[in-house]
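Those protein sequence lines, which keep their order, are chains S and H.
So that you can map any letter, position 38 of the first sequence is 38 in my numbering, and since no number is skipped, the others follow by simple counting.
So that you can map any letter, position 67 of the second sequence is 67 in my numbering, and since no number is skipped, the others follow by simple counting.
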Amino acid sequence: MTKSELIEKVVQTHGMLNMKVSEALVNTVFDSIEDALKTGDKVEIRGFGSFTIRERSGREARNPKSGEVVRIPAKKTPFFKTGKELKERVNC
Amino acid sequence: MTKADIVEKIHQKIGFSKKESAEMVETVFSILKSTLEDGEKIKIAGFGNFVVKRKADRRGRNPQTGETITIDARRILTFKPSQVLKNAINTVAKEAK
Chain S
1 MTKSELIEKV VQTHGMLNMK VSEALVNTVF DSIEDALKTG DKVEIRGFGS
51 FTIRERSGRE ARNPKSGEVV RIPAKKTPFF KTGKELKERV NC
Chain H
1 MTKADIVEKI HQKIGFSKKE SAEMVETVFS ILKSTLEDGE KIKIAGFGNF
51 VVKRKADRRG RNPQTGETIT IDARRILTFK PSQVLKNAIN TVAKEAK
């Protein structure tokens, strides 16, 4: 399912929405999650899961072609932990 | 941030009442959940993909008793963030410094 299919499905499920409003709704949901993560905040959606930021420390790696040592800087990466309800539903 | 904050954003941005906004956010997550429950993956451009993966059964060991047990095959959900989302998060981090 892609984002546009999700937008359509929302319209089908919720009679009072048109495509334009549904698009704004779906975009706002994902944008707010992104905005919270950008400020380092964690996002917790009961029954679905939670999004947190994980820190990856910098390390030295090697370019496999030239054998040259390169420094990979520390970075942040988003992490999703599946909620209990969804975890159980997916595993059935 | 919780679902209530997302509802508040919808209320402010789209102008639905709080009750309607709450219902709509609920609709979005319930569609996401039932799609994943069916084993179908979800691709949100610019955000990431939610993918249901199958894990085969494997031999494990109870670390307390040392007893060998079989861990049954199961399905798990993984989230792969898009490059766009990863970049967005790291750009902000750099600007803050």
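Beta carbons: idealized from backbone N, C-alpha and C, even for Gly.
From the beta-carbon of H/N90, the residues of chain S found nearer than 8 Å are K75, K76. At a cut-off of 7 Å between beta carbons, S/R62 makes no contact with chain H. Flagged as an interface residue toward chain S: H/V52, by a C-beta distance shorter than 7 Å. For H/A45, the residues of chain S that pass the 7 Å Cβ criterion are K3, in the order they occur in the chain. A Cβ-Cβ distance of about 13 Å is found for the pair S/T52 and S/K38, leaving them out of contact under the 8 Å criterion.
Residue pairing by DSSP places S/S50 opposite S/E44, S/K81 in a beta bridge. When CB distances to chain S are screened at a threshold of 7 Å, not a single residue of the region 56-70 of chain H falls below it.
By the C-beta density criterion, H/M24 is buried, having at least 16 other C-beta atoms within 10 angstroms. Rounded to the nearest angstrom, the gap between the Cα atoms of S/S57 and S/D31 is 27 Å.
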